[in-house]
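In my numbering, the protein residues as written are 28 to 163. Ideal placement from N, C-alpha and C gives every residue a C-beta, glycine not left out. Given the structure is predicted, the values throughout are model-derived calculations rather than measurements.
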C-alpha cells in the first residue's frame with residue numbers, strides 16, 4: 028500500500044475504531060482528526076494515480092462523496108455516540124476553497140482561528156463572527 032493510500036485510510040481506520048467502541052462496547056467516543064485536509068489531499072493524490080480528471084482547483088471529482096462518507100459515519104446511535112473534533116487547514120485562508128467548504132458543510136459547529144487576530148497578539152485568535160454553530 029502506498030503512503031498516499033495509507034494517508035487516505037488513516038481517518039477511515041480511526042473512525043472504524045470509534046464505531047467499534049460505539050456499537051460493540053456501547054460507549055460514547057471522542058474522535059480527534061488532526062487536519063482533515065490531509066485526508067482530502069491524499070484522496071486527490073490517489074484520484075490522480077487512478078487517472079481521474081481533477082475537478083475544481085485540482086481536487087478529486089469525488090471530493091464531496093469522500094468527505095460525505097467519512098463525516099456521515101460520525102453519529103449517535105441508541106448504543107452510544109461518536110463526537111468528533113477536527114482541525115481543518117484552510118489553504119491561503121480561502122474559505123471558498125472546495126476542500127474546507129465541503130468539510131464545513133458537514134460540521135455542526137466551527138471555531139475559526141484567524142492570522143490577522145493572532146498578529147494583533149490576541150489569543151486565542153478566534154473570530155466569533157466567522158465561527159458558527161447549528162446548535163445555538
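Distance between residue 113 and residue 140, taken at the CA atoms: about 13 Å. Cβ contact annotation for residue 84 (same chain, cutoff 6 Å, sequence separation greater than five): 125, in chain order. DSSP places residue 108 in the strand class (E or B) of the three-state scheme.
Linking residue 101 to residue 146 through their CA atoms gives a straight-line distance of about 35 Å. A residue is called buried once 16 or more other Cβ atoms fall within 10 Å of its Cβ, and residue 127 is buried on that count. Between residue 88 and residue 56, the alpha-carbon positions lie close to 31 Å from each other.
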